[in-house]
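In this note's numbering, the protein residues as written are -6 to 157. Don't be surprised by glycine CBs; every beta carbon is placed ideally from N, CA and C.
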């Protein structure tokens, strides 16, 4: 695990342009990304209608810290607060992204599928472990196996600790 974060052999940690410092990467992988991906893997075995996303679009004015936990709330609910930790200088990209995310969530609530005409296709998680990424520029990209090497190692460590 240390090698994946640039910490092996007394390394100082490897920063990543998308995921931040080694410490930020480890924390988010351990607390958020890998548990969610693991749950998606389990859920998709029983229910193919499983979807995963990653928000990389930071709150405007908070780009230096990246998209942190709860950064998606303004986009999911279409509420752009003027103060507090998720407030920012929201603009046209943010409003378009909110419309898109609200459409996905509404479709999913209605039908169990986030897709409809007029929005980029969001593939089921499935065997390819597909997910969509909402980028800083407000685009949607389709990807697979979110942080696979890191999550594989963290899952293995968890199994060993659990005696399994």
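Three-state class that DSSP yields for residue i in the structure shown
i	result
residue 168	This structure cannot speak to residue 168, because the chain is shown only from -6 to 157.
residue 114	coil
residue -6	coil
residue 140	coil
residue 65	coil
residue 86	helix
residue 160	Only positions -6 to 157 of the chain appear in this structure, which leaves residue 160 out of reach.
residue 60	coil
residue 42	coil
residue 147	helix
residue 106	coil
residue 37	helix
residue 52	coil
residue 0	coil
residue 79	coil
According to DSSP, residues forming a beta bridge with residue i
i	result
residue 126	47 and 134
residue 13	9
Burial state of residue i, where buried means 16 or more other Cβ atoms lie within 10 Å
i	result
residue 48	buried
residue 19	buried
residue 72	exposed
residue 60	buried
residue 41	exposed
residue 33	buried
Best match in the options for proximity to residue i [C-alpha to C-alpha]
i	options	result
residue 70	61, 93 and 85	93
residue 82	51, 103 and 3	51
residue 63	21, 42 and 149	21
residue 86	128, 118 and 153	128
residue 57	147, 152, 9 and 132	9
residue 134	31, 115 and -4	115
residue -4	152, 155 and 147	147
residue 130	136, 98, 31 and 53	53
#### Entry: Inter-stretch contact (C-beta, 8 Å, three-pair minimum) for the region 138 to 157 and the region 19 to 35
yes
### Task
Specify whether the region 104 to 112 and the region 71 to 84 touch according to this definition: at least 3 beta carbon pairs, one from each stretch, less than 8 Å apart.
no
### Query
Counting Cβ pairs closer than 8 Å, one from the region 7 to 21 and one from the region 39 to 46, do we hit at least three?
no
### Message
Within 8 Å, do at least three Cβ pairs link the region 51 to 68 to the region 84 to 93?
### Response
yes
#### Entry: contact_flag[the region 35 to 43, the region 117 to 124] where n(CB pairs < 8 Å) is 3 or more
yes
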